[in-house]
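Asker: So the protein lines, in turn, are chains A and B.
All residue numbers for the first sequence refer to the numbering used here, where the first residue is 2 and numbers rise by one.
All residue numbers for the second sequence refer to the numbering used here, where the first residue is 2 and numbers rise by one.
Ideal placement from N, C-alpha and C gives every residue a C-beta, glycine not left out.
Can you keep this structure in mind? I'll have questions shortly.
There are 2 protein chains.
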Amino acid sequence: MATIREIAKLANTSIGTVSNYLNEPSLVAESTRKRIEEAIEFFDYHPKAAARSLKSRFTHRIGLVPLISSEDNRSENPGDNAFLELLAGINTVAAENKYDILLSAATNHADEMKTYQRLFGEGNVDGIILQGIQSEDERILFLKKKKFPFVAYGRSDLPIQYAYVDIDGGQGIIQAITYLKSLGHSRIAYITPSKSLMCTRQRWDGFIQGMSQNELQIRDEYLIEGDFSEKSGYESTKAFMNLNTPPTAVLTSNDVCAFGVMRCLKEMYLIPGKDLSVIGFDNVSLSQHWQPQLTTFAQPFRKIGFLLMESLLDMIHGREQFPHKLVQPDLIIRESTGPVC
Amino acid sequence: MATIREIAKLANTSIGTVSNYLNEPSLVAESTRKRIEEAIEFFDYHPKAAARSLKSRFTHRIGLVPLISSEDNRSENPGDNAFLELLAGINTVAAENKYDILLSAATNHADEMKTYQRLFGEGNVDGIILQGIQSEDERILFLKKKKFPFVAYGRSDLPIQYAYVDIDGGQGIIQAITYLKSLGHSRIAYITPSKSLMCTRQRWDGFIQGMSQNELQIRDEYLIEGDFSEKSGYESTKAFMNLNTPPTAVLTSNDVCAFGVMRCLKEMYLIPGKDLSVIGFDNVSLSQHWQPQLTTFAQPFRKIGFLLMESLLDMIHGREQFPHKLVQPDLIIRESTGPVC
DNA sequence: GTAGGGAATTGAAACGGTTCAATTATGGCA
DNA sequence: TGCCATAATTGAACCGTTTCAATTCCCTAC
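The structure is reproduced here in structure tokens:
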């Protein structure tokens, strides 16, 4: 395989000039450039990545540690499609900027931090994208301490500055309430996710703002803290529908919870979208095959991937310090919502 | 960041010995080993990947070019989950062997070959996994010519030796026929995929063998060459059911085709699994939510990922030349098949 | 004719490991 | 004690780029 020295020799110039051509062609005179191009063509020359990054300190790679469930599952895991769309988005921007994605997995979950230390320590990548952010996320603390470029998909509750892209759950809720109001709803219930989660607070702020903006009254008996389970949807609905004046619409914490709501309605011979409008969150693939099809929020994962990669490149090249970006979820209107009777 | 020289100095030994420790600890005496370990611990030392692979010619990375659909789709694309499971399998074996996966995308489809040339030419990876094999696949020709380690998921019709992992569609069909026979079926129809595809021939061989093994008669009017479309399932079924003695069971080319079969039955007020047993191929996520749930073949993608990576490692390390591996598809029995009435 | 300055080019040093032939240490045995 | 085989260690050379200070080239202005 040809090296830069052979190219230089054939093009009758020095390796320094060839290197310049490779990295900043404008530094090279027209005639020299032509000869170098011919030599490169002749040898089908590609500069070796290892040599390049040894000296330049740039790998043109970014790191990503996939969350892989250990068991074999081809199930409806909503995260699956999400990850793939995310990857597609990241990959698109990466390719446009001549970057590759390095996927590193830990053999077991306990070793996950070791994977990040290795990615960083061995100089395998120029930056890292984090997903599945947790409260007090130690990966964030680690990378921040090392001053290594990274972007997180999701906000944590750490009191430090770092780059992230996240869903604007609050704006979503506002949008949903406005939509429900336009259908004539005023008695809107809300099954919130568990209080301990980051997204809950953001959505809750949106709920308050959305209700006041639409001049609707928040009623305590219409609020239940659930979790992401089917059961919490089922049980909350039971409680709601046994009130003297039950709500006419309910916002749930996610699609699975919304399925629980609908199961309860079915048992009570009530019809989703008619007796109670139901809105989910996530747009899992089942939601469009359910009977009735579920109105829900979709996260534009591909766009999130774009933004993650763009932010990371900005950081790597020192164009920005800690970019923050929020994206609106898409309200996908299907059959589980309808005008109030 | 510490280098191997600093480690050697602190451990009071030479860089050669430290390098030995890193790569083949058995070469280093116990006492020296201890001092080196302490020094590594002290500096939190990680050998730089670039320096390592510059001289050793091993990157500890394998390359994979994902097939990314350009449009934003969070649809039921059956390939999506497949790819993720495949990746999970590859990643697991890779991690166990201290390998990472390099994902490289082309900005547009026309440049795909360039991506492979770059992956190879820049020395970015030790080997490559190919998916979506096509007839006369130029990637295979290229990598073969360069004598670069690669494993393909799927067979092509090229008359050259290369490593692959593939589904044993023929064995699947035999299994399906044996299963149908056990339910009392003898009039079995088969909607084959298009003749031009590699898998068709393999499945067809299985069909012949399965029928003769079960002492069943192949009848020409029960054979239709379809494609992977819903429509071909629909129209073939119309033809079958208008015969004087219609079949009691039908094997289809894939799940989508099977859905077409069932739509036709519904129109004719016939019941899948009762009036006609239907077997799909692929186990797309819809197949278990269909009414009735579809009996179909699932590909064990995660296992395929294992095998791909294991084969590739064998080739990289010169343990095998062109490993071939076939895996059985899993017949998933659901509601669209039943005993003959 | 010459000074000045920008554009183009040069080549040695550096990046941080691995490799390997050569050297030294160690232990067993007569 | 001396000899030999084997284990352990050494360090210089090398991998193929980038980098940068120094040099050369070329043109313009005076």
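Can you tell me whether residue 266 (chain B) is buried or exposed? The criterion is at least 16 other CB atoms within 10 Å of its CB, across all chains shown.
Answerer: That one is buried.
Asker: Within the chosen definition, does the segment 49-66 of chain A reach the segment 128-145 of chain A through at least 3 CB pairs nearer than 8 Å?
Answerer: Yes: the two stretches touch, three or more of their Cβ pairs being nearer than 8 Å.
Asker: For the segment 100-109 of chain B and the segment 138-155 of chain B, state whether three or more C-beta atom pairs, one from each stretch, are separated by less than 8 Å.
Answerer: Segments in contact, no.
Asker: On the DSSP bridge assignment, give the partners of residue 64 (chain A) in chain order.
Answerer: Answer is A:103, A:129, bridged to residue 64 (chain A).
Asker: Are the Cβ atoms of residue 14 (chain A) and residue 41 (chain A) separated by less than 9 Å?
Answerer: Taking 9 Å as the Cβ cut-off, residue 14 (chain A) and residue 41 (chain A) do not qualify as a contacting pair.
Asker: Given this structure, state the Cα-to-Cα distance separating residue 84 (chain A) from residue 44 (chain A), to the nearest angstrom.
Answerer: Their Cα atoms are separated by approximately 40 Å.
Asker: Just the chain B side, please: which residues come within less than 8 Å of residue 84 (chain A) by C-beta, in chain order?
Answerer: The answer, in chain order, is 85.
Asker: Mind pulling the chain A residues with CB within less than 8 Å of residue 49 (chain B)?
Answerer: Simply 55, 123, 124.
Asker: Distance check for residue 11 (chain B) and residue 32 (chain B), CA to CA, integer angstroms please.
Answerer: Computed Cα separation, rounded: 14 Å.
Asker: Only counting runs of 4 or more residues, tell me where the alpha helix (DSSP H) segments fall wholly within the segment 2-26 of chain B, in order along the chain.
Answerer: The qualifying runs are 5-11, 16-24.
Asker: What do you get for residue 207 (chain B), buried or exposed, if any count of 16 or more other CB atoms within 10 angstroms of its CB means buried?
Answerer: Classification of residue 207 (chain B): buried, given that the 10 Å Cβ count is 16 or more.
Asker: Can you have a look at residue 179 (chain A) and say buried or exposed, based on whether 16 or more other CB atoms are within 10 angstroms of its CB?
Answerer: Its Cβ having fewer than 16 others within 10 Å, residue 179 (chain A) is exposed.
Asker: Identify the residues that DSSP records as bridge partners of residue 226 (chain B): which are they?
Answerer: According to DSSP, which records beta bridges pairwise, residue 226 (chain B) is partnered with B:193.
Asker: Does the beta carbon of residue 105 (chain B) sit closer than 9 Å to a beta carbon anywhere in chain A?
Answerer: Yes, because at least one Cβ of chain A sits closer than 9 Å to the Cβ of residue 105 (chain B).
Asker: Hey, does residue 21 (chain A) have any beta-carbon neighbour from chain B nearer than 9 Å?
Answerer: Chain B contact via Cβ: absent.
Asker: Scan the segment 24-35 of chain B for residues whose Cβ lies nearer than 9 Å to a Cβ of chain A and list them as they occur along the chain.
Answerer: Listed by position, the residues of the segment 24-35 of chain B near chain A (Cβ gap below 9 Å) amount to none.
Asker: Counting C-beta neighbours from all protein chains within 10 Å, is the total for residue 258 (chain A) 16 or more, i.e. buried, or is it exposed?
Answerer: By the 10 Å Cβ count, residue 258 (chain A) comes out buried.
Asker: For residue 271 (chain A), tell me which candidate among A:254, A:321, A:247 has the shortest Cα-Cα distance.
Answerer: With distances taken between Cα atoms, residue 271 (chain A) lies closest to A:247.
Asker: For residue 314 (chain B), I'd like the list of residues in its chain whose CB is within less than 7 Å of its CB, leaving aside the five on either flank, ordered along the chain.
Answerer: The residues are 98.
Asker: Tell me whether the beta-carbon of residue 195 (chain B) lies closer than 9 Å to the beta-carbon of residue 226 (chain B).
Answerer: Yes, Cβ-Cβ distance for residue 195 (chain B) and residue 226 (chain B) is below 9 Å.
Asker: Output, in chain order, the set of chain A residues within a Cβ distance shorter than 8 Å of residue 255 (chain B).
Answerer: Those do not exist, as residue 255 (chain B) stays about 15 Å from chain A at its closest Cβ, beyond 8 Å.
Asker: How would you label residue 75 (chain A), buried or exposed, when you count the other beta carbons within 10 angstroms and need 16 or more for buried?
Answerer: Here residue 75 (chain A) scores only 49 on pLDDT, less than 50, and its place in the model should not be relied on; the value that follows carries that caveat. With 16 or more other Cβ atoms within 10 Å, it is buried.
Asker: List, in order along the chain, the chain B residues whose C-beta lies closer than 7 Å to that of residue 311 (chain A)?
Answerer: Here the premise fails: no neighbours, minimum Cβ distance about 15 Å.
Asker: Should residue 45 (chain A) be flagged as near chain B, meaning a C-beta pair shorter than 9 Å?
Answerer: Yes, contact with chain B.
Asker: Output, in sequence order along the chain, the residues in the segment 283-295 of chain A whose CB is closer than 8 Å to any CB in chain B.
Answerer: Against chain B - using a Cβ distance shorter than 8 Å - the residues of the segment 283-295 of chain A are 284, 286, 287, 290.
Asker: Under 7 Å between beta-carbons, which chain B residues line up against residue 97 (chain A)? List them in chain order, please.
Answerer: Near residue 97 (chain A) (Cβ distances below 7 Å), the residues of chain B are 108.
Asker: Measuring CA to CA, which of A:123, A:61, A:328 is closest to residue 317 (chain A)?
Answerer: Answer by Cα proximity: A:61.
Asker: From residue 244 (chain B) to residue 168 (chain B), what distance separates their C-alpha atoms?
Answerer: Computed Cα separation, rounded: 33 Å.
Asker: DSSP state of residue 96 (chain B), grouped into three classes?
Answerer: Looking at residue 96 (chain B) - three-state DSSP - the assignment turns out to be helix.
Asker: How big is the Cα-Cα spacing for residue 105 (chain B) and residue 268 (chain A)?
Answerer: Roughly 51 Å between the two C-alpha positions.
Asker: Answer with buried or exposed for residue 204 (chain B), where buried requires no fewer than 16 other C-beta atoms within 10 angstroms of its C-beta.
Answerer: When all chains shown are included, residue 204 (chain B) counts as buried.
Asker: Roughly how many angstroms lie between the CA atoms of residue 249 (chain B) and residue 190 (chain B), to the nearest whole one?
Answerer: So the alpha carbons of these two residues sit roughly 8 Å apart.
Asker: From the beta carbon of residue 102 (chain A), is the nearest beta carbon of chain B less than 9 Å away?
Answerer: Chain B, which has a Cβ nearer than 9 Å to the Cβ of residue 102 (chain A), makes this yes.
Asker: For residue 158 (chain B), which residues from the same chain have a beta carbon less than 8 Å from its beta carbon, with the 5 sequence-adjacent residues on both sides left out?
Answerer: Excluding residues within five positions, the ones whose Cβ falls inside 8 Å are 136, 137, 199.
Asker: Per DSSP, which residues does residue 277 (chain B) bridge with? Please list them.
Answerer: Answer by DSSP bridge pairing, in chain order: B:273.
Asker: Shorter than 9 Å from the beta carbon of residue 272 (chain B) to some beta carbon of chain A?
Answerer: With 9 Å as the cut-off, residue 272 (chain B) does not count as an interface residue toward chain A.
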